[in-house]
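Trainee:
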Amino acid sequence: MRVRPPKDWAGGLPAVAHAMETAYRQMGVGRTALTLLQVNQKRGFDCPGCAWPEGEHRSPAEFCENGAKAVAEEATTRRVGREFFAAHPVGELAVRSDHWLGQQGRLTEPMHKPAGSDHYVPIGWDAAFEIIARELRALDGPDEAVFYTSGRTSNEAAFAYQLLVRRFGTNNLPDCSNMCHESSGSALNETLGIGKGTVSLEDLHRAELIFVVGQNPGTNHPRMLTALERAKRGGARIVAVNPLPEAGLLRFKNPQKPSGLGKGTSLADRFLQIRLNGDMALFQALSLLLLDSADEEFIERHTHGFEEWERHLRGLDWDQVLEATGLTMAELEATAEDVRAAGSVVVCWAMGLTQHRNSVATIREVVNFLLLRGNVGRSGAGVCPVRGHSNVQGDRTMGIYEKPARAFLDALGKEFGFSPPTRHGLDTVEAIRAMRDGAANVFVGMGGNFVRATPDSDVTEAALRSTRLTVQVSTKLNRSHAVCGREALILPTLGRTERDPAGYVTVEDSMGLVHASHGRLRPASADLLSEVAIVCRLAGALFGEDPHVPWADFEHDYGAIRDRVSRVIPGFEDFNARALAGFALPNAPRDERRFPTATGKANFTVNELEVLRVPQGRLLLQTVRSHDQYNTTIYGLDDRYRGVKAGRRVVFVHPDDLAERDLADGDLVDLISEWPDGERKADGFRVIAYPTARGCCAAYFPETNVLVPLDSVAETSNTPTSKSVVVRLAKASPRSRGGG
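Going by full-length UniProt numbering, the sequence shown wraps up at 740, each residue one higher than the last.
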């Protein structure tokens, strides 16, 4: 491993070079050209990476560095077939790194690990579906099965999947939203009446002030930097709020413009280096400083609860604010003046806000801040939760949710002539507990890498291994295939880049726009099925002749699914007619300044400020991505912007915090998290002295997921608290030396 100083800019020619290097290595020159020129184009396919939207006018290269890596990983020419599994037992795969597993290539045929065996062997599709149907029918009840979903599943597959699960009789539909933006949805539904953002891409371009809070767009949503650049050139000011200085928010060298070859564009006008979990205090402080400039007409006409909130806010303790945020009074007052001078404000956020115990309350406070000056439901203003996976928002819209609304269930039941279950199902954390405790015995994963996406890795792995059957629908090899039940199946599926004989699919982006995605490549194997086909054939094995659902029609004609969606889900009327051109889903707060909440208005809420204090000698850890990964997929072992080369087991700590612990840059430490039920340890991390906020540290997931206690969750949303883990650094034990 080599460590250099972090960069203060992102993009530029290095981004192009790294994207092309990865693409050529995985796909070859010709396949690279054929594939990348179709990414995010109107008649092309939607990038399998992030959910950032595309504008009306698109570049011929409408992708970023990490988007190119995501496409290359899926469109790779590398293959994993029966010979691979014959040579590598499950026990060996379980100790391989995430990077090694992902680099092996595309899965090519269904594989079965029989009970008592340590090897996967080939199996036919029909036989695989019969095993799943047999195990599901053998359960004492439908709620003993867990049906997980990744955010890359198409709208058509997600709708069919939730329909199968509810026909089976359960709402056990945990998904990756439970671990990322569940806190956003919980807060926004309560305050604004919709669990999504209220801004369009044009709103972001027109904003006069943009807050980017707890988010690293340079790595996680690089195309967002282009939108921020456009806003900046239109006169917007940008405030970055983060414990870590992130290169992309400091300066952006747009590789698609001549200016990107030079100095580029300075983005953040103000960097608030906040302490972890200090965001509620920040927004309460700003609101208090801005009370004299409230939009009284908007508040009177469109909101509820202002007086109670104002009384609470006036009791704010400034000493607590300064302690919680780590900021100075001068910084707070200057930021408030930025807001006062702005006619329109957008607040963007990601996991830095959603993965704390008080995340829902914090996001409610962000809404209070915007409502105070009428910054919801007008041009250039609103809330902008930036989603991760490319269709994670669409999955939820299609009904992938363990707590479905009664209106949705009624519409689903009316359309298909059955009574869907109404009792709430299990979310991700609850599903792990149920498997751990023997209350769930079959796990089906539609995409994703459940083992590496979830908290408390040792507990999660033991829970999955205790089940009777695990089923993973996947494009590539990952650790979830090596952490399996007594019996296990791997079902290989088409990727977003590949031609689907049943037609195009659709996705919903982070701002509520629905559009078509057309795969172009020949499938990696003739033995692959689409996700829709897998769902429909499993339904055939499970239900036989189903009088309620035409599964065979759905498998061969996705238009038949869209026709049903149009009659079940509001906003999808004439779905087939509008899908190819794309359309925006209705958004009452944005479109009409109408708030479908319990009060019929936008709700101010009272949220008690609690300063998160850690014991003496401890630090507050946040888990983060490197620049060479997307979610749990590890593209490489570098983090170019943070200066790390050829290693992932690193922990970023402020130099003064190191000195207090008698540690130095380059030392090897074990990370130990502390929770009432005991300690958890991640061995062998190289210390990097880094300009993070005092009292805070950061390290990459999934390597540090082991430190996140299963029972440490956000109130209301039950999201794991991966951004506020109390840890201590201990000199590495002898057996962990050499880590990195």
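Don't be surprised by glycine CBs; every beta carbon is placed ideally from N, CA and C.
My output table needs one value for threonine 704: the three-state DSSP class, helix, strand or coil.
Mentor: One-based indexing of the sequence shown puts residue 704 at position 704. Looking at threonine 704 - three-state DSSP - the assignment turns out to be coil, as it is neither helix nor strand.
Trainee: Please list, in chain order, all residues of the same chain as glycine 326 whose beta carbon is under 8 Å from its beta carbon, the five residues on each side excluded.
Mentor: The sequence position of residue 326 within the sequence shown is 326, counting from 1. Excluding positions up to five away in sequence, the list reads Gln273, Ile274, Arg275, Gly278, Ala693, Arg694, Gly695.
Trainee: Quick check on cysteine 176: does DSSP put it in helix, strand or coil?
Mentor: On the sequence shown, residue 176 is found 176 positions in, with the first residue counted as 1. If DSSP states are grouped into helix, strand and coil, cysteine 176 belongs with the helices.
Trainee: Give me, in chain order, the residues of the same chain whose beta-carbon lies closer than 6 Å to that of arginine 640; leave out the 5 immediate sequence neighbours on both sides.
Mentor: Translated into the one-based positions of the sequence shown, residue 640 becomes position 640. So the qualifying residues of the chain are His627.
Trainee: Out of curiosity, what's the CA-to-CA distance linking phenylalanine 595 and serine 177?
Mentor: The residue you call residue 595 lines up with position 595 of the sequence shown. The residue you call residue 177 lines up with position 177 of the sequence shown. For phenylalanine 595 and serine 177, the distance between alpha carbons rounds to 23 Å.
Trainee: Identify the continuous alpha helix (DSSP H) that holds arginine 275 and give its terminal residues.
Mentor: On the sequence shown, position 275 is the one that residue 275 refers to. First-last for arginine 275: undefined, no H or E at that position.
Trainee: Assuming serine 390 and valine 532 form a contact by the criterion Cβ under 8 Å, report the distance between their Cβ atoms to the nearest whole angstrom.
Mentor: On the sequence shown, residue 390 is found 390 positions in, with the first residue counted as 1. On the sequence shown, residue 532 is found 532 positions in, with the first residue counted as 1. Actually they do not touch by this definition, with Cβ atoms about 17 Å apart.
Trainee: Suppose you measure from the CA of aspartate 140 to the CA of methionine 111; what does that come to, to the nearest Å?
Mentor: Position 140 of the sequence shown, counting from 1, holds the residue named residue 140. Position 111 of the sequence shown, counting from 1, holds the residue named residue 111. When rounded, the distance between both Cα atoms is 27 Å.
Trainee: Using the Cα positions of arginine 661 and arginine 618, report the straight-line distance between them to the nearest angstrom.
Mentor: For the purposes of this step, residue 661 is taken as the residue at position 661 of the sequence shown. For the purposes of this step, residue 618 is taken as the residue at position 618 of the sequence shown. Distance between the alpha carbons of arginine 661 and arginine 618 is about 10 Å.
Trainee: With DSSP as the reference, label glutamate 300 as helix, strand or coil.
Mentor: As a working note, residue 300 is residue 300 in the sequence shown. Glutamate 300: helix per DSSP, three-state reduction.
Trainee: When DSSP labels each residue in this structure, what does glycine 394 get in the three-state scheme?
Mentor: The residue given as residue 394 occupies position 394 in the sequence shown. Of the three classes helix, strand and coil, the one that applies to glycine 394 here is helix, per DSSP.
Trainee: Sorted by chain position, which residues of the same chain lie with C-beta nearer than 6 Å to histidine 356's C-beta, five sequence neighbours on each side aside?
Mentor: As a working mapping, residue 356 is identified with position 356 in the sequence shown. Only Asn277, Thr721, Lys723, Ser724 meet the Cβ criterion.
Trainee: Do the segment 548 to 564 and the segment 520 to 539 make contact, defined as three or more Cβ pairs closer than 8 Å?
Mentor: Flag = yes, the segment 548 to 564 and the segment 520 to 539 touch.
Trainee: Quick check on this structure: which residue in Lys42, Phe63, Ala68 has the alpha carbon closest to the alpha carbon of alanine 56?
Mentor: To locate residue 56, count along the sequence shown from 1; it is residue 56. As written in the sequence, residue 56 is glutamate, which differs from the alanine given in the question. Looking at the Cα atoms, Lys42 is the closest of the given residues.
Trainee: Applying the criterion that 16 or more other CB atoms from any shown protein chain within 10 Å of the CB defines a buried residue, is tyrosine 120 buried or exposed?
Mentor: What you label residue 120 is simply residue 120 of the sequence shown in a count that begins at 1. Looking at its Cβ environment, which holds 16 or more other Cβ atoms inside 10 Å, tyrosine 120 is buried.
Trainee: How would you label tyrosine 635, buried or exposed, when you count the other beta carbons within 10 angstroms and need 16 or more for buried?
Mentor: Along the sequence shown, one-based indexing puts residue 635 at 635. By the neighbour-count rule (16 or more Cβ atoms within 10 Å), tyrosine 635 is buried.
Trainee: Can you tell me where the alpha helix (DSSP H) with phenylalanine 85 in it begins and where it stops?
Mentor: Within the sequence shown, numbered from 1, the residue matching residue 85 stands at position 85. 82 to 87 is the span of the alpha helix (DSSP H), which, as asked, contains phenylalanine 85.
Trainee: To the nearest angstrom, report how far apart threonine 198 and alanine 453 are at their CA atoms.
Mentor: On the sequence shown, position 198 is the one that residue 198 refers to. On the sequence shown, position 453 is the one that residue 453 refers to. So the two alpha carbons sit approximately 28 Å from each other.
Trainee: For asparagine 603, which of helix, strand or coil comes out of DSSP?
Mentor: Stepping through the sequence shown from its first residue, residue 603 is reached at position 603. Correct three-state label for asparagine 603: strand.
Trainee: Under the rule that 16 or more other beta-carbon atoms within 10 Å means buried, what is valine 29, buried or exposed?
Mentor: Stepping through the sequence shown from its first residue, residue 29 is reached at position 29. With fewer than 16 Cβ atoms within 10 Å of its Cβ, valine 29 is classed as exposed.
Trainee: Expressed to the nearest angstrom, what Euclidean distance is found between the alpha-carbon atoms of alanine 342 and threonine 108?
Mentor: Sequence index remark: in the sequence shown, residue 342 carries index 342 (1-based). Sequence index remark: in the sequence shown, residue 108 carries index 108 (1-based). So the two alpha carbons sit approximately 55 Å from each other.
Trainee: For valine 95, count neighbouring Cβ atoms within 10 angstroms of its own Cβ and tell me buried if that reaches 16, exposed if not.
Mentor: The residue you call residue 95 lines up with position 95 of the sequence shown. It is exposed - the Cβ of valine 95 has fewer than 16 other Cβ atoms within 10 Å.
Trainee: So, at 6 Å on beta carbons, what are the nonlocal neighbours of asparagine 478 in its own chain, with the 5 sequence-adjacent residues on each side left out?
Mentor: As a first step, residue 478 is located in the sequence shown; it is residue number 478 there, counting from the start. Closer than 6 Å at Cβ, skipping near neighbours: Leu101, Asn449.
Trainee: For aspartate 667 and leucine 707, I'd like the C-alpha separation in whole angstroms.
Mentor: Start at 1 with the first residue of the sequence shown, and residue 667 comes out as number 667. Start at 1 with the first residue of the sequence shown, and residue 707 comes out as number 707. Those two C-alpha atoms are separated by around 20 Å.
Trainee: Look up leucine 469 in the DSSP assignment and give the residues it is bridged to.
Mentor: Within the sequence shown, residue 469 is the residue found at index 469, counting from 1. For leucine 469, which the question treats as bridged, DSSP gives the partners Val442, Glu487.
Trainee: Do valine 3 and glycine 643 have their C-beta atoms within less than 7 Å of each other?
Mentor: For the purposes of this step, residue 3 is identified with residue 3 of the sequence shown, where counting begins at 1. For the purposes of this step, residue 643 is identified with residue 643 of the sequence shown, where counting begins at 1. For valine 3 and glycine 643, yes; Cβs fall inside 7 Å.
Trainee: Mind reading off the beta-carbon distance from threonine 497 to phenylalanine 45? Whole number of angstroms is fine, and I expect it under 8 Å.
Mentor: Position 497 of the sequence shown, counting from 1, holds the residue named residue 497. Position 45 of the sequence shown, counting from 1, holds the residue named residue 45. About 6 Å; that satisfies the 8 Å criterion.
Trainee: Within its chain, find whatever has a CB closer than 6 Å to the CB of isoleucine 299; leave out the 5 residues flanking it on each side and keep chain order.
Mentor: Stepping through the sequence shown from its first residue, residue 299 is reached at position 299. Same-chain partners within the cutoff: Phe306.
Trainee: Give me, in chain order, the residues of the same chain whose beta-carbon lies closer than 6 Å to that of histidine 205; leave out the 5 immediate sequence neighbours on both sides.
Mentor: Taking the first residue of the sequence shown as 1, we reach residue 205 at position 205. Counting only Cβ-Cβ distances below 6 Å, and skipping sequence neighbours, we find Arg230, Ala231.
Trainee: At a cut of 8 Å, does the segment 367 to 387 reach the segment 585 to 593 through at least three beta carbon pairs?
Mentor: Yes, they touch.
Trainee: Using the beta-carbon count (16 or more within 10 Å), is isoleucine 534 buried or exposed?
Mentor: In the sequence shown, the residue the question calls residue 534 occupies position 534. Buried, because 16 or more other Cβ atoms sit within 10 Å of the Cβ of isoleucine 534.
Trainee: Classify methionine 511 as helix, strand or coil using the three-state DSSP reduction.
Mentor: Your numbering for residue 511 matches position 511 in the sequence shown. Coil.
Trainee: Can you tell me the Cα-Cα spacing of alanine 51 and aspartate 98, whole angstroms?
Mentor: As a working mapping, residue 51 is identified with position 51 in the sequence shown. As a working mapping, residue 98 is identified with position 98 in the sequence shown. Between alanine 51 and aspartate 98, the C-alpha separation is close to 23 Å.
Trainee: Just verifying my parser: in three-state terms, what is the DSSP assignment at isoleucine 363?
Mentor: The residue labelled residue 363 in the question sits at position 363 within the sequence shown. Looking at isoleucine 363 - three-state DSSP - the assignment turns out to be helix.
Trainee: DSSP on isoleucine 432, reduced to helix/strand/coil?
Mentor: Here the question's residue 432 lines up with position 432 in the sequence shown. Residue state, collapsed to three classes: helix.
Trainee: With the cut-off set at 7 Å, would you say leucine 637 and arginine 648 are in Cβ contact?
Mentor: Translated into the one-based positions of the sequence shown, residue 637 becomes position 637. Translated into the one-based positions of the sequence shown, residue 648 becomes position 648. The answer is yes: Cβ separation under 7 Å.
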